[in-house]
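Peer 1: My questions will all concern the structure given below.
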Amino acid sequence: MIKSCKQTSGDMEQASILVIGGAEDKVNQLEILQTFWQRAGGVDAQLGIIPAASGEPAMIGEIYQRLFENMGCKAVQVLDVREREQSEDPSWHNHLGEMTGIFLTGGDQLRLATLLADSALLTALRFYRERGTLTLAGTSAGAAAMGYHMIAGGGSGESPHPALVSMAGGLGFLPGVIVDQHFHNRNRVARLLSAVVMHPECLGVGVDEDTCAVFEADGQLQVVGRGTVMIVDAGEASYFCEPQPHSTLPISAHNLRVHLLRWGDRFDVQHRRVLPPLLHHCSA
Numbered sequence: 534m535i536k537s538c539k540q541t542s543g544d545m546e547q548a549s550i551l552v553i554g555g556a557e558d559k560v561n562q563l564e565i566l567q568t569f570w571q572r573a574g575g576v577d578a579q580l581g582i583i584p585a586a587s588g589e590p591a592m593i594g595e596i597y598q599r600l601f602e603n604m605g606c607k608a609v610q611v612l613d614v615r616e617r618e619q620s621e622d623p624s625w626h627n628h629l630g631e632m633t634g635i636f637l638t639g640g641d642q643l644r645l646a647t648l649l650a651d652s653a654l655l656t657a658l659r660f661y662r663e664r665g666t667l668t669l670a671g672t673s674a675g676a677a678a679m680g681y682h683m684i685a686g687g688g689s690g691e692s693p694h695p696a697l698v699s700m701a702g703g704l705g706f707l708p709g710v711i712v713d714q715h716f717h718n719r720n721r722v723a724r725l726l727s728a729v730v731m732h733p734e735c736l737g738v739g740v741d742e743d744t745c746a747v748f749e750a751d752g753q754l755q756v757v758g759r760g761t762v763m764i765v766d767a768g769e770a771s772y773f774c775e776p777q778p779h780s781t782l783p784i785s786a787h788n789l790r791v792h793l794l795r796w797g798d799r800f801d802v803q804h805r806r807v808l809p810p811l812l813h814h815c816s817a
């Protein structure tokens, strides 16, 4: 499943992807969930919830189903995939053709990737997303699995080093990106830095809780929610101390570019540059 992190212009002509850092608001304004629902068609949306990452998929699926129904969504289905054989059913292609949005819940991203990798369900998801008819969202583990290179686990609170992060193959919806979630809330800066230094062709994207990085169809990233999104770009790095796999020796890297974005801020993923925000919101 692990492939190159380089993006092509064709990748940028697909439907929007919402990468949510986890613990999104489910009680008050529901800004992030509302954003997904509206992007998927609002009152005309037909949503599918995939709780495959969760250890309690029935309960998690029901929670999100009720949330979207309470917003006014008239068509919500839980796609309860628990076994590999279910994801390999060829009827997924026709089933997903009726849907406008798919939501991947939290849990264990390695479980999610194992169940979906190279399956008929994943092929169908990619097909309809590339056609521009399917909005995709993932929260927590669902967000972490969006790239080809996926952070499967790791530590926090240490200096960056290769053994701090465990990498695996993800679902490949954002091939040029490595995602980490619950980011500042769980002190995961060091492990994202470690992952990016090991895969410097990728853009690191760390998303806080109740925060969402919306990857638009035109190649722009826009931030929604109450926290921040950290972008780590090693594209112009001048030096790397060659990291040895599983080493606990600290990583050395020079001239990394780091951007910290909050609500309304935008970033050009393809050209790796900050764009003017939608609103000027830095006043006291």
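Last residue of the sequence shown? That's 817 in this note's numbering, and every number before it is there in order.
Glycine residues also receive a C-beta, built at the ideal position from the N, C-alpha and C atoms.
Tell me where the beta strand (DSSP E) around residue 804 begins and ends.
Peer 2: Run containing residue 804: none; DSSP gives neither H nor E here.
Peer 1: Can you check the segment 578-654 for any beta strand (DSSP E) of at least 3 residues that lies completely inside it and give the ranges in chain order?
Peer 2: 579-583, 608-611 and 634-637
Peer 1: Counting pairs of Cβ atoms below 8 Å between the segment 625-640 and the segment 650-658, do you hit three or more?
Peer 2: yes
Peer 1: Should the segment 678-690 be regarded as contacting the segment 709-721, the criterion being three or more beta carbon pairs within less than 8 Å?
Peer 2: Segments in contact, yes.
Peer 1: Consider the Cβ of residue 686: report whether some Cβ of chain D lies at a distance smaller than 8 Å.
Peer 2: Protein chains in the displayed structure number just one, and chain D is not present.
Peer 1: Please classify residue 804 as buried or exposed, where buried requires at least 16 neighbouring CB atoms within 10 angstroms.
Peer 2: exposed
Peer 1: Using 8 Å as the threshold, is the C-beta distance between residue 746 and residue 665 below it?
Peer 2: no
Peer 1: State the Cα-Cα distance for the pair residue 693 and residue 679, rounded to the nearest angstrom.
Peer 2: 23 Å
Peer 1: Which residue from 608, 712 and 728 puts its Cα closest to that of residue 631?
Peer 2: 608
Peer 1: Quick check on residue 665: does DSSP put it in helix, strand or coil?
Peer 2: coil
Peer 1: Residues in its own chain within less than 8 Å of residue 806 by CB, not counting five upstream and five downstream?
Peer 2: 800
Peer 1: Leaving aside the five residues before and after residue 726 along the sequence, list all residues of the same chain whose C-beta is less than 8 Å from its C-beta, in chain order.
Peer 2: 693, 737, 765, 784, 786 and 789
Peer 1: Can you tell me which residues form a DSSP beta bridge with residue 684?
Peer 2: 700
Peer 1: May I ask you to report which of helix, strand or coil DSSP gives residue 787?
Peer 2: strand
Peer 1: By a C-beta neighbour count over all protein chains shown, 10 Å radius and 16 as the cutoff for buried, is residue 541 buried or exposed?
Peer 2: In this prediction, residue 541 scores a pLDDT of 37, lower than 50, which makes its location untrustworthy; the coordinate-derived value is nonetheless stated afterwards. Per the 10 Å Cβ criterion, exposed.
Peer 1: What separation, rounded to the nearest whole angstrom, lies between the Cα atoms of residue 734 and residue 553?
Peer 2: 22 Å
Peer 1: Considering only the beta carbon of each residue, do residue 658 and residue 645 sit closer than 8 Å?
Peer 2: no
Peer 1: Need the endpoints of the alpha helix (DSSP H) that residue 675 sits in, please.
Peer 2: Residues 674-677.
Peer 1: Could you pull the DSSP bridge partners for residue 748 from this structure?
Peer 2: 550 and 754
Peer 1: Exposed or buried, which one is residue 769 when buried takes at least 16 other CB atoms within 10 Å?
Peer 2: Exposed, because fewer than 16 other Cβ atoms sit within 10 Å of the Cβ of residue 769.
Peer 1: Buried or exposed: which applies to residue 602, given that a residue is buried once 16 or more other Cβ atoms fall within 10 Å of its Cβ?
Peer 2: exposed
Peer 1: Under the three-state reduction of DSSP, which class applies to residue 799: helix, strand or coil?
Peer 2: Assigned with DSSP and collapsed to three states, residue 799 falls in strand.
Peer 1: Do you know how far the Cα of residue 611 is from the Cα of residue 595?
Peer 2: 7 Å
Peer 1: What is the DSSP secondary structure of residue 817, reduced to helix, strand or coil?
Peer 2: With a pLDDT of 42 at residue 817, under the threshold of 50, the modelled position of that residue is not reliable, and no figure is offered here.
Peer 1: Going straight from the alpha carbon of residue 707 to that of residue 681, what length do you get?
Peer 2: 7 Å
Peer 1: Where do the N-terminal and C-terminal ends of the beta strand (DSSP E) with residue 740 fall, by residue?
Peer 2: Here the beta strand (DSSP E) through residue 740 covers 736-740.
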